[in-house]
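Asks:
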Amino acid sequence: MLTLPPSVRIYLGTEATDMRKGHDGLAALVTARSQDVYSGHLFVFLSRRRDRAKVLWFDRGGFVLWYKRLERGRFRMPALRDRADTVSLDAAELAMLLDGIDLSGVRRPRTWIPGQARGTKDRRERAGMIQDGHERAAPQSGRGTR
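In terms of the numbering used here, the sequence shown opens at residue 1 and continues consecutively.
1) Cβ of Thr14 within 9 angstroms of Cβ of Val87?
2) At which residue ranges does the region 47 to 123 contain complete alpha helix (DSSP H) runs of 4 or more residues, listed in the order of the chain?
3) How do the region 28 to 48 and the region 75 to 91 stand: do at least 3 beta-carbon pairs fall below 8 angstroms, yes or no?
4) So what does DSSP say about Gly25, is it helix, strand or coil?
5) Can you tell me whether DSSP reads Val44 as helix, strand or coil?
6) From Ala27 to Trp57, what distance separates their C-alpha atoms?
7) Select from Tyr11, Gly22, Leu4 and Ala16 the residue whose C-alpha is nearest the C-alpha of Tyr67.
8) Where DSSP assigns a beta bridge to Tyr11, which residues make up the other side?
9) My output table needs one value for Ala32: the three-state DSSP class, helix, strand or coil.
10) Using CA coordinates, which residue listed in Thr111, Phe75, Asp59 and Asp85 is at the minimum distance from Arg33?
11) Among Asp99, Arg69, Gly73 and Leu103, which one has its Cα closest to the Cα of Leu80?
12) Distance, Cα to Cα, Arg49 vs Arg72?
Printed below as a string of structure tokens:
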């Protein structure tokens, strides 16, 4: 598969798509959803039977269309909220979807986000290294002091 930078978003259409559509037909579906087809983001479409998938994206001056047909099994849709017409995926979820893994049973660990987790500053405050907003020298261990 492709290695995608984190800035690339992946949108999965929740409604069945006519797999006879090509570049222009799928681009029209993206535009009808008020999304920018030239953004470089990936747009994923599944057939009615969910045994076929197409991925459309615009790459440096041209459209790219990737197509996969399963010989057995079905692509599994992730859990849907509020009858949305698209669902956002990350690259790992797209890879699992295209490998036939059921995304509804996948649990992801919580990720660390700077500023939301108890970070280094909190640990230093608890250790007494910060007082009234100013840094102090780290407390010395018992070695070499009298």
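Idealized CB from N, CA, C, for every residue including glycine.
Replies: So, from the listed chains and residues:
1) yes
2) 91 to 98
3) Inter-segment contact for the region 28 to 48 and the region 75 to 91 is present: three or more beta-carbon pairs are separated by less than 8 angstroms.
4) helix
5) strand
6) Distance between the alpha carbons of Ala27 and Trp57: 9 angstroms.
7) Gly22
8) Phe43 and Ser88
9) Correct three-state label for Ala32: helix.
10) Asp85
11) Leu103
12) 11 angstroms
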